[in-house]
Every structure is written in structure tokens, then in C-alpha cells.
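**Q**
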Amino acid sequence: MIELVIAKYNYWIYVILMMIGFYAMIVKTNLVKKIIGMNIFQTAIILFYISTAYKMGGATLPIMTDAQAHGHEAVLVDGVINPLPHVLMLTAIVVMVATLGVALAIVIHIYRRYNTLNEDEILKVMK
Amino acid sequence: MTVPIDLVLQIFIIVCAVASIVVKDLLSAAMILGAYSFFMCIMWAQMGAVDVAFTEASVSAGIGTILFVAAVMKTTRRSKD
Amino acid sequence: MILEQFPFLVHSAPALIIVIPLMFALLTPVIGLIRREWTFPWMLLALLLATLFSVTALQDVMRNGVIHYRMGNWEPPWGIEYVVDHLNGLMLVLISATALLVAVYGKKSVEQELPGKEVYFRCIFLLQVTGFLGIVITGDAFNLYVFLEIASLAGYALIAIGEDGAPFASFRYIIMGTIGACFYLLAIGYLYIVTGSLNMADLARLLPPLYGSKVVLTAFAFFMVGIAIKMALFPLHVWLPDAYTKAPSAVSALVAPLMTKVSVYVMIRILFGVFAPSFSISVVPAMKILLVAGIVAIFTGAILALAQKDFKRMLCYIIVAEVGYMVGGVGLANTTALRGAVLHIANDVVMTAGLFAVAGIINYKMREHRLDDFKDMFKRMPFTMAAFATIALSIIGVPPTGGFFSKWYLLQGALQEGSWIFVAALLFSSLVNVVLFFRIFEIGYGFHGDHGHSAGGDGGEAVAIREAPLSMLVPLMIAAATIVLLGFYNQALIGKIIQYAVPVL
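If you're matching them up, the sequences are chains A, B and C in order. For the first sequence, numbering that gives the first Met the number 0 gives the first residue as 0, with consecutive numbering after it. For the second sequence, numbering that gives the first Met the number 0 gives the first residue as 0, with consecutive numbering after it. For the third sequence, numbering that gives the first Met the number 0 gives the first residue as 0, with consecutive numbering after it.
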């Protein structure tokens, strides 16, 4: 049991971070805090993907230095880390910042109309 | 023995995440979120994802923090919780 | 059709369907800088080309079988592949045709509601259509996430420029929608760890030996919850009424028919394309859960719709009930019910577009969209209300409109499975729809003498006919005619397209 925690601590950290972000998105009544929670939630997922690509025990980056010299050569996969999740996460980071931009623009709009960023007060005004 | 750098980094990351949602001043929360993004960036670099690291640094820690600060400047710094 | 003269165009139609609206969307602000009025024909040209290529792709599929288009000629699983089969082709034609009609319809409405912002509206409109087309055409799971986020972000932006209270409704939609998309991303991550592939067909091949492992079960659970949020399945539907009610009329007419139905398509693709049907039936009791969720959604949607005084909000709860039909139809897990569910997707896109178009016309005339605004509408806008009556009859489920036939197939499927509660839910929902729409007919014919306000109508016997503008009326009449045609030709539709779109269970 204890080696389950110690060997895969990356995944435990990602779950804890995801729950922190989720808590902030749901419980906090300030709109900017909700967006901060959304940011933490999405970066935790990126942590998850990158830790699945990592290999312990001296794995290096997949940089092939002598491919041109020797032509086709088989690569020992145990020595290089998996580069595909990195590429997927580049897309995810861009999506994250785009969502951040749209959400913050809407928050500025809301502030101009209601003069408060607290969800409870906005709901009271809207009733 | 060598310090397990990623464990230390991850403790810092959790502390930053909790701090940024607990702090009552929104500008401080945005700054702590920027620090969180930079810690994440160092952890990607330590795990070998250098391209993700500099994308995260430039986009999320750079532009993301700028967007947050701009939004907080245009709205209000106080927050009730 | 005419495109068959150029085999290169027919061959690369799957890529062009995505590239054309995307490129046109990016160039729209540039055109808007030169001359603002040119953006409207530009947008229509993009959507017309997208519709043309979609119809060509569907015809190609019906003649030659499933199309596999490899981006950059990379073989999957290393490359991204666009797969067009019968289900896809049908959805592509529906999405692009609906977008074209709503674009024509939205011209007057946008000029009235969003003065000065038409160029940006059209740009984001095209981006959202790109997102929807991309979701249905792609055969790669991560590419679907990218297009899902494109469509969702454009939707958040479009909904936020509506009436008073729209930014807050859009903010709540952002929070819930991001959770849904992130759950979908997590599910892809889990599946990638155990199989090493992101291509849907490849996953379907690699997953069956792994059905007992916890990772696959977790991935399935995350998929279902994420898609349920996007689909507005009860109880995750709370973002829908506020967001679609307060959005501008043209935006509601585009997003409401398409977003939830495209998410139902994604659910069908995952349940039958990525995971084998036997997984959802025997390994995990997902079908039973979906059936229960569908039944509860139908009941709550119907009951909550009765309580609304605002016409658009009532339509939003009708959407929640319609999603319940489709999810319940999938949950019944037999061939007839599945065919009914896919036919219902086709019918519902047309019906919802028509109903929100009527709501937009009422908003255009009366500046509001409450039920009381329908007073004397049958005398003042006879053509609009004739189309509205046709679509209302289709939602109730009266032959020969299309709504009757999809409900008929769903009922047959439910009777075959012996699921009496689903039959009761369908009949209850039809009765509630009768009450809802006949109430509007009553108000529209003026049977209630002391209700509402009659802005613009003379008090006496003769009420002048002041019809909606032609650019708003013609798409509505086309929608009403299409729903009747879908009813007449439903046998042909099922026989030629839908029969091959769903697996035989």
C-alpha cells in the first residue's frame, strides 16, 4: 500500500490539485476566484499527461543526433521519453489561455453592469 | 543524498494553489497564480518536457498573468471570500 | 451534382468542409475593414460552399461506402484521419444547412439587436460552425477535443453579447462547459495510457482485451459525465435555460439546435464506435443508467416547461426533454430505438431551429419574448404562425410531420424491450407539449381578451397584417417545409442512410 503512494506520487499530487481547483470553481463566490480555480484544474490535467510520458531511470529527451550519419537505426524506447503527450499538452495550454481570456472579458462586462464580482450579490440584483 | 527536487517542487505547487484561492486580495491571488505557473514550468522542464515548459512560461505565466492583472485593474481588488 | 466534374474536389471534400469556414472566418474582419456590407455575402458564400461539400460527401458515402481522408497522407494512428460514414454525413448536411438558414435569418435580427457588431458576430459565427463541423467529421479523439473547445469558446462569446443578464449566464456556462471538456480530455488521457493510440477506429480494435481494467472503466465514466454536461442531460442541464434564453436571437437559433445534438452524436460515437456495444450493455450497466437518465430528463423537462411564462425559456426546457428522448433511445439498446434516436436528432435540429426562429421573430417585433407577446399573432403574422403551428404539431408528434415518426420508432423500440416507463414518459411528454403549444395557439387567436399588451395592433376588428421581414420568414418556412418532408420521406431516410449509421443490436 505504502509503495503505491510513494511510487506514483505524481498522480496523487495531480488528483489533489484537481480537487483544489474543482473546490474553488464550485464553492468560491467571487468570479475571479472561480476562474483561478479553473486555471488550477486545467494545469493539473496537464501535469497528469506529462507524468504519463516520463520514464524514470535515466530516460533522456528524444533528440536523435546521429540519425543522418547511420541512416535507419532502431531506437531503444526505454532510453527516451514519450513525446506525444507533450504535443497534446501544447494544444491544451493554448485552449486554457483562450478560455481564460474569454472568461476574464466576460467578468469585466459583468462588473460594469452590476458593480460587484460576488455571485450572491449578482443573483440578488437579478431577482 | 540528493534532494528529490520534484517532490519539493510539488509541495510548493500545492502551497501556491491553496494560497491563491484563499487570499482575499485579488491582485495577490493573480500574482500567486503566476508563481504557480512558473513552478509548473520548472516541473515540466525537470520531467523532460522542455517545449511544454517554455509554452507554459510564455503563455500561461506570462500572458495569463497579464490578463488577470488587467482584469483585476479594471474591476476591483477586494473580494469577499 | 455539379462537383462530380472535379474528382479532386470530391476526393478532398472532408478537408475542405473544415478549411473553408475556418479560412473565411479568419478573413472576415479584414473584409469588414474594407466594406462592412460585404461580410454578409462572404459569410453566406462560406456556408453555401460548406453545404455543397457536405452534400457531396454524403452522396459519395451513400455510393461508395465510408470515406477515410488522411490528413497529410499520414497513416493512422500516427496521423489524424477524417472519417465520413452515414451518421457523419447526415450530421454534416444538417449542421451546414441549418447554419446557412440561420445566417440568412439572422441578418435583420443582428442589425436590430447588436448594432455595430455585425462583423465580429459573423466572424465568431463562422468559427462556431467550423467547430461543429469538425466535431462530427473527425476520426481522432484528441482532434474532437480541439474542435469541441473551438465550438464551445465561440458559443461562450456569442451568448455573452445578449440581453441583460447574458454575461452572467455565459459565465456559468463557461464554468460548467470547461469542466465537461476537461473530463473528456482526462478520459482520452486514460485511454491513451493503456492503448497508446488516439484514433477512434484503432481504439476500438485495441480496447476489447482491456475491458476489465479499472483504467478503461474510469475513462468511460469520465467520458459519460463530460458529454452529459455538454449534452444538458438532467441533472447537468442547469446552464441551458439561462444561457439560451438570454442569448441574441440569431445565436439561440444557431446554438440551441446544434450544440446539444452534436454532443449526442459524440456520445453515440463513443458508445458504439470506440467502445463495443457489448461493453455498455454487459460489462458496465451504462445503457440502463442512460435509460433512467433519459426518462427523468423527459419528465423534468416537460414539467418545468409548463411552469414558464417566457417563450424562449419554455423552449429551453423542451430541449432538455428532447435530449431525454435521444438518450433514452440510445439507452434502450435495440436497433429500432437507435434508429428512432438518430432520426430524432435529424428532426430535432430542424424543429428547434424553427422554434427559435419564431422566438426571434417575436423578439424582433415586440422587443420581448414572453408568452403574452403572442396575442393576436395569428391575425398579424399569418405565415409565421402557420409555420409555427406546423413545427408545434411536429413536436407534439402528429403525423405526417417528422416528429411523429421518430417518436413512433422510439415507442416501438421501448415496447420491444418492455420498458413501460419510457413509453409512459413519451406519452406524458406528448400530452404536456399539447398543453404548452395549444396554450400559445389560444393566446395567438386572441381568446384571452385581457392578457398582455398589443403593441402596434389596432384595437378593433381588423388587425393589420404586419409580417416578419422576408429574410427572416423564408428560412422559417423552409424549416417548416423540411419537417413535413422529413415526415413523408422518413422511410427513405431510414432505409438509405440511418440504417447503415447505427450498429445492429
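Think of the CB as a built atom: it goes at the ideal place given N, C-alpha and C, for glycine as much as any other residue.
Could you list which residues in chain B have their beta carbon closer than 9 Å to that of Met-95 (chain A), in chain order?
**A** Val-58, Ser-59 and Gly-63, listed in chain order.
**Q** Here's the rule: buried if 16 or more other CB atoms are within 10 angstroms of the residue's CB, otherwise exposed. What is Trp-43 (chain B)?
**A** Its Cβ being crowded by 16 or more others within 10 Å, Trp-43 (chain B) is buried.
**Q** In the DSSP assignment, find the unbroken alpha helix (DSSP H) run with Ile-62 (chain B) in it and report its ends.
**A** Careful: Ile-62 (chain B) lies outside any alpha helix (DSSP H) and carries neither H nor E.
**Q** What are the start and end residues of the beta strand (DSSP E) that includes Glu-74 (chain C)?
**A** Glu-74 (chain C) -> no beta strand (DSSP E), and no H or E assigned at all.
**Q** What first and last residue would you give for the beta strand (DSSP E) that runs through Val-83 (chain C)?
**A** Val-83 (chain C) -> beta strand (DSSP E) spans 80 to 83.
**Q** Could you list the residues in the region 37 to 60 of chain A with a C-beta less than 8 Å from some C-beta on chain B, going in chain order?
**A** So the close ones are Asn-38, Ile-39, Thr-42, Ile-45, Leu-46, Ile-49, Ser-50, Ala-52, Tyr-53, Ala-58, Thr-59 and Leu-60.
**Q** Here's the rule I'm using: 16 or more other beta-carbon atoms within 10 Å means buried, otherwise exposed. How should Arg-111 (chain A) be labelled?
**A** Result: exposed.
**Q** Write down every uninterrupted run of the alpha helix (DSSP H) in the region 307 to 348 of chain C whose length is 4 residues or greater and which is fully enclosed by it, in chain order.
**A** Taking only runs of at least 4 residues, the alpha helix (DSSP H) segments lying wholly in the region 307 to 348 of chain C are 310 to 331.
**Q** Ignoring anything shorter than 4 residues, give me the alpha helix (DSSP H) runs that lie fully in the region 72 to 117 of chain A, in order along the chain.
**A** Entirely contained in the region 72 to 117 of chain A, the alpha helix (DSSP H) runs reaching 4 residues are, in chain order, 83 to 113.
**Q** Return helix, strand or coil for Ile-66 (chain C), following the three-state DSSP convention.
**A** Strand at Ile-66 (chain C).
**Q** According to DSSP, Arg-369 (chain C) sits in a beta bridge with which residue or residues?
**A** DSSP lists C:Asp-309 as partners of Arg-369 (chain C).
**Q** Could you say which of C:Leu-46, C:Ala-358 and C:Tyr-264 lies nearest to Val-500 (chain C) if we only look at CA atoms?
**A** Checking the displayed sequence, the identity of residue 500 (chain C) turns out to be Ala instead of Val. Out of C:Leu-46, C:Ala-358 and C:Tyr-264, C:Tyr-264 has the C-alpha closest to the C-alpha of Ala-500 (chain C).
**Q** Taking Asn-432 (chain C) as part of the alpha helix (DSSP H), name the residues at either end of that continuous run.
**A** Start and end: 419 to 444.
**Q** What whole-angstrom Cβ distance do Ala-102 (chain A) and Ile-34 (chain A) have, given they're in contact under 8 Å?
**A** With 8 Å as the limit, Ala-102 (chain A) and Ile-34 (chain A) qualify as a contact, their Cβ atoms being about 5 Å apart.
**Q** Can you list, in chain order, the residues of its chain with a C-beta nearer than 6 Å to that of Asp-372 (chain C)? Leave out the 5 residues immediately preceding and following it.
**A** Answer for Asp-372 (chain C): Ile-361 and Met-365, listed in chain order.
**Q** Label Trp-73 (chain C) either buried or exposed according to how many other C-beta atoms from any shown protein chain fall within 10 Å of its C-beta, with 16 as the threshold for buried.
**A** Trp-73 (chain C) comes out exposed.
**Q** Using a Cβ cut-off of 7 Å, which residues of the region 140 to 173 of chain C contact any Cβ in chain A, in chain order?
**A** Result list: Phe-141, Val-145, Glu-148, Leu-152, Tyr-155, Ala-156, Ala-159, Gly-164, Pro-166, Phe-167, Ser-169, Phe-170 and Ile-173.
**Q** With Ile-19 (chain C) and Leu-48 (chain C) assumed to form a contact (beta carbons below 8 Å), what rounded beta-carbon distance in angstroms separates them?
**A** Indeed, because the Cβ distance is near 5 Å, the residues count as touching under 8 Å.
**Q** Taking only three categories from DSSP, how would you classify His-450 (chain C)?
**A** Unreliable positioning characterises His-450 (chain C) in this predicted model, as indicated by a pLDDT of 46, which lies under 50. The coordinate reading is nonetheless provided below. His-450 (chain C) falls in the coil class under three-state DSSP.
**Q** In chain order, what residues of the same chain have a beta carbon less than 8 Å from the beta carbon of Ile-136 (chain C), not counting five sequence neighbours either side?
**A** Cβ neighbours of Ile-136 (chain C) beyond the five flanking positions: Pro-13, Ile-16, Ile-17, Tyr-81, Val-82, Val-83, Asn-87 and Leu-91.
**Q** Mind checking Met-63 (chain A): buried by the 16 CB within 10 Å criterion, or exposed?
**A** By the neighbour-count rule (16 or more Cβ atoms within 10 Å), Met-63 (chain A) is not buried but exposed.
**Q** Determine the burial state of Ala-491 (chain C): buried for a count of at least 16 other Cβ atoms within 10 Å of its Cβ, exposed for fewer.
**A** Under this definition Ala-491 (chain C) is an exposed residue.
**Q** By the 7 Å beta-carbon criterion, what residues does the region 186 to 209 of chain C contribute toward chain A?
**A** Here the close residues are Gly-188 and Ile-192.
**Q** Under 8 Å between the Cβ atoms of Ile-41 (chain B) and Cys-15 (chain B)?
**A** Not a contact, by the Cβ cut-off of 8 Å.
**Q** I need the boundaries of the alpha helix (DSSP H) containing Asn-38 (chain A), first residue and last residue.
**A** Counting along the chain, the alpha helix (DSSP H) containing Asn-38 (chain A) begins and ends at 30 to 52.
**Q** Run down chain A in chain order and give the residues with a C-beta less than 7 Å from the C-beta of Cys-181 (chain C).
**A** The contacting residues are Phe-40, Gln-41 and Ile-44.
**Q** Here's the rule: buried if 16 or more other CB atoms are within 10 angstroms of the residue's CB, otherwise exposed. What is Ile-10 (chain B)?
**A** Ile-10 (chain B) should be labelled exposed.
**Q** Return the chain-ordered list of same chain residues with a C-beta closer than 6 Å to the C-beta of Lys-54 (chain A), the five sequence neighbours on each side being excluded.
**A** For Lys-54 (chain A), where only same-chain residues beyond five positions count, the Cβ hits under 6 Å are Ile-80.
**Q** For the alpha helix (DSSP H) containing Pro-256 (chain C), list its first residue and its last residue.
**A** Taken as a continuous stretch (DSSP letters only), the alpha helix (DSSP H) holding Pro-256 (chain C) covers 248 to 268.
**Q** Interface residues of chain B around Thr-28 (chain A) at Cβ under 8 Å?
**A** The contacting residues are Lys-79 and Asp-80.
**Q** So within the region 104 to 157 of chain C, which uninterrupted alpha helix (DSSP H) runs reach at least 4 residues, ignoring any that extend past its ends?
**A** Correct list: 117 to 136.
**Q** From His-236 (chain C) to Val-291 (chain C), what does the alpha carbon distance come to, in whole angstroms?
**A** Their Cα atoms are separated by approximately 15 Å.
**Q** Can you tell me which of C:Thr-259, C:Ser-281, C:Val-273 and C:Met-286 puts its alpha carbon nearest to the alpha carbon of Ile-344 (chain C)?
**A** Nearest C-alpha to Ile-344 (chain C): C:Thr-259.
**Q** Tell me, please, whether the CB atom of Tyr-10 (chain A) is closer than 8 Å to any CB atom in chain B?
**A** Closer than 8 Å: no.
**Q** Taking Met-30 (chain B) as the query, report the chain A residues whose CB atoms sit under 9 Å from its CB, ordered along the chain.
**A** Within chain A, no residue comes near Met-30 (chain B); the closest Cβ sits about 11 Å away, beyond 9 Å.
**Q** Quick check: the Cα distance between Glu-117 (chain C) and Met-39 (chain B), rounded to an integer number of angstroms?
**A** So the alpha carbons of these two residues sit roughly 40 Å apart.
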